[in-house]
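**Q**
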Amino acid sequence: MTREEIFEKLNEVFRDVFDDDSICVAESTTSNDIDDWDSLEHINLIAAVEQEFGIKFNMGQVVTMKNVGEMANIIISQISE
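Heads up: take any position in the sequence shown, counting from 1, add 10, and you land on the working numbering.
#1: Is V23 near the ligand COA, in the sense that its beta carbon is under 8 Å from a heavy atom of that ligand?
#2: Taking G70 as the reference, give the member of G64, I84 and V59 with the closest Cα.
#3: Could I get the ranges of all uninterrupted alpha helix (DSSP H) runs contained in the segment 24-86, with 4 residues as the minimum, in chain order?
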């Protein structure tokens with residue numbers, strides 16, 4: 011799966027979780043860029059991403075993710091194993 015394909019899927023997940031079809035995530039997108047992205051929605055988002063890609067983030071990965079680009083890096087590393 012290419013990085014572009016991962017971002018296409020991430021856009022779908024973000025739009026679904028935040029119920030906003032206008033969301034378009036980029037490498038540098040953070041919780042500050044999406045109005046409803048709070049700690050509760052972060053948990054829902056992580057669960058939705060895990061389900062979409064068939065992966066599991068560990069706690070260390072979750073707490074160190076600074077933006078969507080880092081999330082994509084972790085996804086790539088897990089699906090290519």
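C-beta atoms are modelled at their ideal positions from N, C-alpha and C, and glycine is treated no differently.
**A** The short version:
#1: Of ligands this structure carries none, so the ligand COA is not represented either.
#2: Translated into positions along the sequence shown, residue 70 becomes position 60. Cα-wise, what sits closest to G70 is I84.
#3: Those alpha helix (DSSP H) runs which fall completely within the segment 24-86 and span 4+ residues are 49-63 and 69-74.
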